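2 protein chains.
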Amino acid sequence: MPRMDGCGPGGPMGWRGRFKGCGYRMTTGREAILDILTVSEKHLSAEDIYRKVTEKYPGVGLTSVYRTLEILSNMGIVYKFDFGDGRARYELAEGSKKPDHHHHLVCTKCKRVIDYTEFIDEEVELLKKTEKGLSKRYNFAINNHLIQFYGLCGKCKAESPK
Amino acid sequence: MPRMDGCGPGGPMGWRGRFKGCGYRMTTGREAILDILTVSEKHLSAEDIYRKVTEKYPGVGLTSVYRTLEILSNMGIVYKFDFGDGRARYELAEGSKKPDHHHHLVCTKCKRVIDYTEFIDEEVELLKKTEKGLSKRYNFAINNHLIQFYGLCGKCKAESPK
DNA sequence: TTGATAATGAAAACCATTTTCAATAAGGAG
DNA sequence: CTCCTTATTGAAAATGGTTTTCATTATCAA
Chain V
1 MPRMDGCGPG GPMGWRGRFK GCGYRMTTGR EAILDILTVS EKHLSAEDIY
51 RKVTEKYPGV GLTSVYRTLE ILSNMGIVYK FDFGDGRARY ELAEGSKKPD
101 HHHHLVCTKC KRVIDYTEFI DEEVELLKKT EKGLSKRYNF AINNHLIQFY
151 GLCGKCKAES PK
Chain A
1001 MPRMDGCGPG GPMGWRGRFK GCGYRMTTGR EAILDILTVS EKHLSAEDIY
1051 RKVTEKYPGV GLTSVYRTLE ILSNMGIVYK FDFGDGRARY ELAEGSKKPD
1101 HHHHLVCTKC KRVIDYTEFI DEEVELLKKT EKGLSKRYNF AINNHLIQFY
1151 GLCGKCKAES PK
């Protein structure tokens, strides 16, 4: 069993390099999963990814998808989200380019998720400051944050009982 | 089946009044659950609540705890959280007093959760602004937000492989 | 007090995720 | 290129938090 820690986020190496560096082997399945995540729309479930992967590589099992996603998540290559619909959602952590960074707006009724990038800069700036304060105050090594807004989307709002 | 919607958060009535107003009946079990939530430490799991409730009222079942928590959550009386340990956590929404408002700092290894109130005012101020912008931009009726920081607590940081 | 029906507990079902385990394949050594 | 160690795999079974089912009980308006 290769080590799962000490391989935190960040670093200039490509995925393959990062994998190797952490003692993992690069397999067809893992490559396929990373490809899907790179190309696809955001916040896919494990099952979503499984379906897309097997379109091209029918041999890959759902179990492996889960296993790979856990590794990627631990390495900080993938973020894991919970939008309240009973299954985890995954998306590739943003690359080096800034415009990728976004937060989520979740409809608590139909579970639709909207990515937004507006106001992000201010949010991130404040978070950075908070992060620094909290790290010191509570002796935490913070390496991620989560911001989500919850409410009713236009459609669900209209359908809702007055 | 009483209506579960249109009974959003806020409002000056006590719980009993809110319940009645929404067509729910007040029972021993529900009262006990609310009591526990009021008195206890933060972020309890359904099972935690179940155990505490049955200490005093052995008749109450786990199923009812889940059912009640869902209602309370839908009414905005209780917040439901996911800290990544496979079970939902619940805490009473803060009362009218400000100092209650807090966000969470989660250790991704041992899952320990720390409530913090520092920086909250600035965070909330910014969130309010963002909320307004997002509501208009995406036609969402936003009624809640979530901020969490993830990292390693001091203990887990020390134990981690260099 | 009474009657309509909301709420309940126990047990079974559900279902996303994990674990088990024997078979396979990645990749460094030679 | 071949061998060998062992990480990885898929299938099936297990897990475990949460939901459903359903017959019984309790709430509360009239």
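Protein sequence lines, in the order shown, are assigned to chains V and A.
Final position of the first sequence in the working numbering is 162; the numbers increase by one with none missing.
Final position of the second sequence in the working numbering is 1162; the numbers increase by one with none missing.
For glycine and all other residues, C-beta sits at the position ideal for the given N, C-alpha and C.
Just so it is clear, the structure is predicted and the values come from calculations on it, not from any experiment.
- Within the region 1069-1095 of chain A, the beta strand (DSSP E) runs of at least 3 residues that lie entirely inside it are, in chain order, 1078-1082, 1088-1092.
- Taking one beta carbon from each stretch, the region 1071-1086 of chain A and the region 1103-1122 of chain A have 3 or more pairs nearer than 8 Å; the two touch.
- Closest in alpha carbon position to residue 1118 of chain A, among V:54, V:57, V:27, V:129, is V:129.
- The C-beta distance from residue 1153 of chain A to residue 140 of chain V rounds to 6 Å, short enough to fall under 8 Å.
- In this chain, residue 1150 of chain A is not harboured by any alpha helix (DSSP H); it is covered by the beta strand (DSSP E) spanning 1141-1152.
- Within chain V, the residues 135, 140, 141, 142, 143, 144 have their CB atoms less than 8 Å from the CB of residue 1151 of chain A, given in chain order.
- Between residue 121 of chain V and chain A, the shortest Cβ-Cβ separation is not below 7 Å.
- Here residue 1156 of chain A is not bridged, per DSSP, to any residue.
- Considering only V:115, V:101, V:44, V:138, the residue with the shortest C-alpha distance to residue 125 of chain V is V:101.
- Under the 7 Å criterion on CB atoms, residue 21 of chain V is classed as non-interfacial with respect to chain A.
- Relative to residue 1157 of chain A, the option among A:1107, A:1070, A:1144 whose CA is nearest is A:1107.
- By the beta-carbon neighbour count (other beta carbons within 10 angstroms, threshold 16), residue 1026 of chain A is exposed.
- At a cut-off of 7 Å, the C-beta of residue 132 of chain V has no neighbouring C-beta in chain A.
- Within the region 1098-1145 of chain A, the beta strand (DSSP E) runs of at least 3 residues that lie entirely inside it are, in chain order, 1103-1107, 1113-1116.
- Excluding residues up to 5 positions away in sequence, 1092 lie with their Cβ nearer than 6 Å to the Cβ of residue 1037 of chain A in the same chain.
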